[in-house]
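Have a look at the structure below before the remarks.
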């Protein structure tokens, strides 16, 4: 469900290439900016179909850089969302396993590689993240993000 406005921004990556990030308000936040990062959290993904850690605590308004490491031998991804949206997307991935998707709340990571995403958690609540590669979500490759309301 899209709520609020969206805007397009150009970002420079560590390889000095420009990428375009569409900032679209989602229920679980909005794409963040590198200069606004409050904290970095490293997550690993394994072929045991698990994330480590599988639960994150953040504060409303925090911009988090998620460094996502694939320690497995197969492709994995991290997708942030609500459980209903992840359920729907996972069902599509089973039907269309070669489906291409690229959003600022997703990181696709090849075996032995690392990727990152920057996200601003501007809404309180409990949100989910998962690997939506066909079969991975169904095997329990999921986690939660608790966003504490600002005082």
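Residue numbers (the numbering used here): 1 to 151. We put the CB at the ideal spot given by N, CA and C, even for glycine. These numbers were taken from a predicted model, which means no experiment stands behind them.
Tell whether a beta-carbon distance below 8 Å holds between residue i and residue j.
i, j, result
"residue 135", "residue 70", "no"
"residue 121", "residue 142", "no"
"residue 77", "residue 110", "no"
"residue 45", "residue 68", "yes"
"residue 60", "residue 124", "yes"
Would you call residue i buried or exposed, if buried means 16 or more other Cβ atoms sit within 10 Å of its Cβ?
i, result
"residue 96", "exposed"
"residue 40", "exposed"
"residue 160", "Absent from the structure is residue 160, since the part of the chain shown begins at 1 and ends at 151."
"residue 22", "exposed"
"residue 79", "buried"
"residue 52", "exposed"
"residue 130", "buried"
"residue 126", "exposed"
"residue 86", "buried"
"residue 17", "Caution applies to residue 17, whose pLDDT of 40 falls short of 50 and renders its modelled position unreliable; the model cannot decide the point."
"residue 9", "Its pLDDT being 31, under 50, residue 9 is placed unreliably in this model, and the value from its coordinates should be taken loosely. Residue 9 should be labelled exposed."
"residue 3", "Per-residue confidence for residue 3 stands at a pLDDT of 37, beneath the threshold of 50, marking its modelled position as unreliable; no derived number is given."
"residue 208", "Any property of residue 208 remains undetermined from this structure, which presents the chain solely from 1 to 151."
"residue 42", "exposed"
Would you report the Cα separation of residue i and residue j, rounded to the nearest angstrom?
i, j, result
"residue 132", "residue 89", "7 Å"
"residue 27", "residue 65", "18 Å"
"residue 48", "residue 74", "11 Å"
"residue 149", "residue 116", "25 Å"
"residue 29", "residue 38", "15 Å"
"residue 84", "residue 91", "11 Å"
"residue 93", "residue 102", "13 Å"
"residue 140", "residue 128", "12 Å"
So residue i and residue j are in contact, right, with Cβ under 8 Å, and what is the actual spacing, rounded?
i, j, result
"residue 145", "residue 56", "5 Å"
"residue 105", "residue 81", "7 Å"
### Query
Along the chain, which unbroken stretches of the beta strand (DSSP E) at least 3 residues long are found entirely within the region 61-145?
62-70, 76-81, 106-109, 114-121 and 125-130
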